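Each residue of the first sequence is one higher than the last, beginning at 5 in the working numbering.
Glycine residues also receive a C-beta, built at the ideal position from the N, C-alpha and C atoms.
What you are looking at is a predicted structure, and each value in this text was computed from that prediction instead of being measured.
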Amino acid sequence: MSENVIESENVVKSNNFIHQIVEEDLKSGKNDGRVHTRFPPEPNGYLHIGHAKSICLNFGTAQKYGGLTNLRFDDTNPSKEDTEYVDSIMEDVRWLGFSWDDRLFYASDYFDKLFDFAVKLIRDGKAYVDDQNAETISQQKGTPTRPGLISPMRSRSVEENLDLFMRMKAGEFNEGQRVLRAKIDMASPNMHMRDPILYRIMKTPHHRTGDKWCIYPMYDFAHGQCDYWEGITHSICTLEFEVHRPLYDWFIDELKDSEYRPRQIEFSRLNLNYTVMSKRKLLELVKDNHVSGWDDPRMPTICGLRRRGYTPESIRNFADRIGVTKTDGITDVALLEYSVREDLNKRAQRVMGVLNPLKVVITNCPEGVVDQMEAVNNPEDASMGTRLVPFTREIYIECDDFMEVPPKKFYRLSPGTEVRLRYAYFITCTNVVKDENGEITEIHCTYDPASRGGNSPDGRKVKSTIHWVSATENVEAEVRLYDRLFSDEEPDGHKDLDFKEFMNHESLQVLPKCYIEPFVKDAKVLDNFQFERLGYFNVDQDSTPEKLVFNRTVQLKDTWTKVQQK
RNA sequence: UGUCCUGUGGUGUAAUUGGCAACACGUCUGAUUCUGGAUCAGAAGAGUUCAGGUUCGAGACCUGACAGGACAACCA
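Written out as structure tokens, the structure reads:
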């Protein structure tokens, strides 16, 4: 029995440092053994892959220890926030596979309590109204290396402060005329402790409270208190809030009336190479129409990745893989791409499609005959069954799969060589047809009828297998190829391109006339496919019954390119 | 020239709290294959930023450097 205990302890032991903190707290009986986290986005933009890390961490940690996670909108700045963002955030968190049940909160739910708490601080002589303008206050704040100056308003009486604060609330002053500040320490080496501003006047209607308020609490004056009132035990945030922690704790000390206290823990935010993650820049791209919207498949937003063909599982696995630390670094997107490929490889329906067609005439194949070939839907998963692919005298193959003068190590089709058409026949190139400019217009091949299905009874081998689509029995589609998200660190060869310019010129390639096997006619929006040998694709939401549109989620690994480069 | 945080293969993370640095991605071999994918087998690649110290023994502890990051919004 004691062995079992030891064993289960070993299983629970995590190398995630936040999990370790939680485990210690659990062990020491802190907060009555509760684990309660929250995901607190500001509704001022769409969620991106960086938020996904935080979502997985917050929800994941609570799940692991039998706790709960709240969704809370940090909506203390009405000038930047909007319900459009609130809705998209909820959709994205749900899509990622997490649930907050009925625990949906807003910082604005607490505006009354926050106001009362501010009044208490004033009564305790710990907060005061400052009449100086922003510039003066900022100058008096000093610099990180020089202490600040005491405000002349700091010694106002409690009565006067109370009166002024009420009048602020009543709307008697203009924006910028008065602020409420905490009385802490103007000489603190930590800038955030130099009498931080608690409330400012903003005559902007709030997306939830309308024009009820004209004073709004600052982040620091709201966040910890909301945590406290919601019973949050572990308040997980990113590294830049580390210096805010003493202030967070200062407010909690003023508030707490029991053993319980929330604890702020910081971790390093996600950075991905070749990926713009700044909310400001993403907003710019959307506003200036460099992209089609927040869900443009080039965007690193959750909805962009979704439209691009990423699965929630792949993003969650990615979050697990990168781990959680306080070290700031740059994660290679290859890790993200590996995570989608790994997931899609298991679930994606295989299909043949030709992106860059070259016509092939099988000269010894009878005209007008449609030969139905059986193809496996997923070689990794027999339960996905098979389908029929029509084979005809004229077909398309990928331009890249034929070379008139093949370099060494080129295994595919060239004059005189034999290759296999996947699930169909062996073919041999007999003739190359060119126009007057010397451009190849089509090639002629012969097939070996005995190799039907893809194997020759005489056991002879071919160097490679290529994909193909019937030139008469097919579906025409538009295919959109996106570059790897896009780039802050420019990919080689784009070093002096502004990233927005890169978006316009290099990041999207539209192939209007691609041929896909007929199977795909019934595809639904966001269905995932693997185009054999090409990559993973999904059906874009722009698709109509008349015109199918595919996005490329991610390419398959391409070792031929490497061979060429050598 | 302040305070706080962080330095482990190319990249992201581990190392049972002091016991010969492990895993994943990436890279490179080989096998296999009706995807130059996937799978399987294997290899290369760090002696843990540096210098001292404690110790039989340090990536872990101590001291001091050095490097990077955060903080001076009435943003979050």
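From the listed residues Arg185, Ile53, His227, the smallest Cα separation to Asp113 is found for His227. Taking Gln376 as the centre and dropping the five residues before and after it, the same chain places the C-beta of Leu392, Val393, Pro394, Phe395 closer than 8 Å to its C-beta, in chain order. The residues Gly180, in chain order, have a CB closer than 7 Å to that of Asn137 in the same chain once the five nearest residues on each side in sequence are set aside. Selection Pro200, Ser296, Glu384 evaluated against Arg354 yields Glu384 as nearest (Cα-Cα).
Sequence-distant Cβ neighbours of Lys504 in its own chain, meaning closer than 8 Å and more than five residues away, are Glu288, Leu289, Asp292, His294. Assignment of Asp404 by DSSP, reduced to helix, strand and coil, places it in the helix class.
Cβ contact annotation for Val162 (same chain, cutoff 8 Å, sequence separation greater than five): Ile126, Arg127, Gly129, in chain order. For Gly539, the secondary structure class from DSSP, reduced to helix, strand or coil, is strand. Non-local beta-carbon contacts of Glu536 in its own chain, meaning distances under 6 Å to residues more than five positions away in sequence, involve Arg354, Met356, His471 in chain order.
Classified as exposed, Pro411 has fewer than 16 neighbouring CB atoms from the shown chains inside 10 Å of its CB. Val364 sits away from Glu408, with the two beta carbons spaced by 8 Å or more. In this structure, the beta-carbon distance from Ile401 to Ala475 does not fall below 8 Å.
The C-alpha of Lys561 is placed about 40 Å away from the C-alpha of Arg76. The alpha-carbon of Arg182 is positioned some 13 Å away from that of Ala131. Taking a cut-off of 8 Å on C-beta distances, the stretch 511–528 touches the stretch 478–488, as three or more cross pairs fall below it. Annotation: the continuous alpha helix (DSSP H) that includes Lys57 extends over 53–68.
With 16 or more other Cβ atoms from the protein chains shown falling within 10 Å of its own Cβ, Ile236 counts as buried.
Judged by their CB atoms, Thr390 and Arg424 are not nearer to each other than the 8 Å cut-off.
In this structure the stretch 184–196 lies against the stretch 140–154, because at least three pairs of beta carbons, one per stretch, are closer than 8 Å.
Here Pro221 is buried. Its C-beta has 16 or more other C-beta atoms within 10 Å.
Shown here for Ser159: not one same chain residue has a beta carbon closer than 7 Å to its own, the five before and five after excluded. Rounded to the nearest angstrom, the gap between the Cα atoms of Val553 and Asn360 is 15 Å. Rounded to whole angstroms, Val328 and Ala174 show a C-alpha spacing of 46 Å. In the assembly as shown, Asp526 is an exposed residue. Its beta-carbon has fewer than 16 other beta-carbons within 10 Å. No residue range can be given for Gln545, since it is assigned to no alpha helix (DSSP H) and is classified by DSSP as neither H nor E. Going by C-alpha positions, Phe533 is about 21 Å away from Thr563.
Spanning the alpha carbons of Leu100 and Glu371 requires a straight line of approximately 51 Å. For Tyr89, the uninterrupted alpha helix (DSSP H) segment begins and ends at 87–99. Along the length of the stretch 305–331, whole alpha helix (DSSP H) runs at least 4 residues long occupy 306–312, 316–326, reported in chain order.
Taking a contact to require three or more Cβ pairs closer than 8 Å, the stretch 46–62 and the stretch 82–96 qualify as touching. Thr565 and Phe541 have their C-alpha atoms some 20 Å from each other. The residue from Arg320, Lys350, Val358 with its alpha-carbon nearest to that of Leu340 is Arg320.
With respect to Ile201, Arg185 sits close: the two C-beta atoms are nearer than 8 Å. Residue pairing by DSSP places Glu422 opposite Thr432 in a beta bridge. Just measuring C-alpha positions, the residue of Asp546, Pro266, Lys34, Leu51 sitting nearest Trp298 is Leu51. Taking a contact as a CB-CB distance under 8 Å, the pair Val280 and Pro304 counts as one, their CB atoms being some 7 Å apart.
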